[in-house]
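Peer 1: 37 is the number of the first residue of the sequence shown in my numbering; add one for each residue after it.
My structure is below; once you've seen it, I'll send some questions.
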Amino acid sequence: MIDICLAATPIMAGKPLSGSLIWQTPHGQIPKKATISVYWYTEGRGTRNRQTVQTLMFEAAQLAAGSPMPFALTLPSEGPISYDGALFRLMWELTVCINTPGLLGAGYKRTWPIMVRPRQTS
Numbered sequence: 037m038i039d040i041c042l043a044a045t046p047i048m049a050g051k052p053l054s055g056s057l058i059w060q061t062p063h064g065q066i067p068k069k070a071t072i073s074v075y076w077y078t079e080g081r082g083t084r085n086r087q088t089v090q091t092l093m094f095e096a097a098q099l100a101a102g103s104p105m106p107f108a109l110t111l112p113s114e115g116p117i118s119y120d121g122a123l124f125r126l127m128w129e130l131t132v133c134i135n136t137p138g139l140l141g142a143g144y145k146r147t148w149p150i151m152v153r154p155r156q157t158s
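As structure tokens, then:
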């Protein structure tokens with residue numbers, strides 16, 4: 037089981053995306069590493085794009101099952117922002133991957149949609 041608790045949603049462009057990761061693997065498996073990535077992608081007409089904005093990696097020594105692990109990723113201030121239009125959509129997602137050791141070690145992955153709003157000018 038993988039769960040994320042985000043500090044705030046929606047997120048403004050240029051602001052940190054922060055929260056905590058909580059995980060449990062069956063049978064007490066100890067993972068080799070965990071990766072948290074934030075990326076955006078497009079769907080719809082035209083060329084499809086995808087870009088990973090930032091990735092954090094946690095090694096086995098940093099991972100404690102059931103304990104919240106804080107994280108912070110920085111979203112670019114120039115955007116792009118989330119968009120859901122008639123011709124295309126631009127969506128943001130946060131993905132967590134947990135890799136367990138062994139030849140037949142399982143990998144656990146979970147994805148959350150994120151709404152990115154424009155920066156407010158003062």
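For every residue, glycine included, the Cβ atom is placed at its ideal position computed from N, Cα and C.
What you are looking at is a predicted structure, and each value in this text was computed from that prediction instead of being measured.
For G121 and A44, I'd like the C-alpha separation in whole angstroms.
Peer 2: The residue labelled residue 121 in the question sits at position 85 within the sequence shown. The residue labelled residue 44 in the question sits at position 8 within the sequence shown. G121 and A44: Cα-Cα distance of roughly 24 angstroms.
Peer 1: My output table needs one value for A108: the three-state DSSP class, helix, strand or coil.
Peer 2: Start at 1 with the first residue of the sequence shown, and residue 108 comes out as number 72. Correct three-state label for A108: strand.
Peer 1: Alpha carbons only, please: which of P52, M48, P46, A70 is nearest the one belonging to T131?
Peer 2: Here residue 131 refers to the residue found at position 95 of the sequence shown. For T131, the nearest C-alpha among the options comes from A70.
Peer 1: Would a C-beta distance cut-off of 7 angstroms place R81 and F124 closer than the cut-off?
Peer 2: Here residue 81 is taken as the residue at index 45 of the sequence shown, counted from 1. Here residue 124 is taken as the residue at index 88 of the sequence shown, counted from 1. The answer is yes: Cβ separation under 7 angstroms.
Peer 1: For the stretch 59-100, which segments carrying the beta strand (DSSP E) assignment without a break, of at least 3 residues, lie completely within its bounds, in sequence order?
Peer 2: For the stretch 59-100, whole beta strand (DSSP E) runs of length 3 or above, ordered along the chain, are 69-80, 86-95.
Peer 1: At the level of alpha carbons, what is the spacing between P52 and T136?
Peer 2: What you label residue 52 is simply residue 16 of the sequence shown in a count that begins at 1. What you label residue 136 is simply residue 100 of the sequence shown in a count that begins at 1. For P52 and T136, the distance between alpha carbons rounds to 29 angstroms.
Peer 1: Following the continuous beta strand (DSSP E) through I117, name the residue where it begins and the one where it ends.
Peer 2: Here residue 117 refers to the residue found at position 81 of the sequence shown. No beta strand (DSSP E) holds I117; DSSP gives it neither H nor E.
Peer 1: Please report how far the alpha carbon of I38 lies from the alpha carbon of T88, in whole angstroms.
Peer 2: For the purposes of this step, residue 38 is identified with residue 2 of the sequence shown, where counting begins at 1. For the purposes of this step, residue 88 is identified with residue 52 of the sequence shown, where counting begins at 1. Each residue's Cα considered, the two are about 21 angstroms apart.
Peer 1: Of all the options F94, R86, W76, which has the alpha carbon lying nearest to the alpha carbon of I58?
Peer 2: Taking the first residue of the sequence shown as 1, we reach residue 58 at position 22. Minimum Cα distance to I58 is reached at F94.
Peer 1: Using alpha carbons as the reference points, say which of F107, E79, Q98 lies closest to T91.
Peer 2: Taking the sequence shown and counting its residues from 1, the one referred to as residue 91 is at position 55. Answer by Cα proximity: F107.
Peer 1: Using 7 angstroms as the threshold, is the C-beta distance between M48 and R146 below it?
Peer 2: Locating residue 48 in the sequence shown gives position 12, counting from the first residue. Locating residue 146 in the sequence shown gives position 110, counting from the first residue. Cβ distance not < 7 angstroms, so M48 and R146 don't count as in contact.
Peer 1: Is L126 closer than 7 angstroms to P112 when the C-beta atoms are compared?
Peer 2: Within the sequence shown, numbered from 1, the residue matching residue 112 stands at position 76. Within the sequence shown, numbered from 1, the residue matching residue 126 stands at position 90. Not a contact, by the Cβ cut-off of 7 angstroms.
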